[in-house]
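Visitor:
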């Protein structure tokens, strides 16, 4: 269940990043894209470590 919440959070950050990019807020959208990337990659690293 925790993974579902994490996936939803990553998806929301990605959508808000796209919205910020379209509206011209490049710094905020870059930060949101970076956070979404870091969280999604750390998620994959944790799964690979457990297997």
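Residue numbers (the numbering used here): 17 to 67. Glycine is no exception: its CB is placed at the ideal position from the N, C-alpha and C atoms. Computed from a predicted structure; not experimentally measured.
To the nearest angstrom, report how far apart residue 53 and residue 38 are at their CA atoms.
Guide: Working through the chain shown from its first residue, we reach residue 53 at position 37. Working through the chain shown from its first residue, we reach residue 38 at position 22. Approximately 19 Å, taken between the alpha carbons.
Visitor: Just to confirm the assignment, what range does the alpha helix (DSSP H) spanning residue 33 have?
Guide: Position 17 of the chain shown, counting from 1, holds the residue named residue 33. From DSSP, the alpha helix (DSSP H) with residue 33 extends over 18-39.
Visitor: Here's the rule I'm using: 16 or more other beta-carbon atoms within 10 Å means buried, otherwise exposed. How should residue 27 be labelled?
Guide: Reading the chain shown from its first residue, position 11 is the one you call residue 27. So residue 27 ends up on the exposed side.
Visitor: Suppose you measure from the CA of residue 22 to the CA of residue 50; what does that come to, to the nearest Å?
Guide: Within the chain shown, the letter at position 6 stands for residue 22. Within the chain shown, the letter at position 34 stands for residue 50. Those two C-alpha atoms are separated by around 15 Å.
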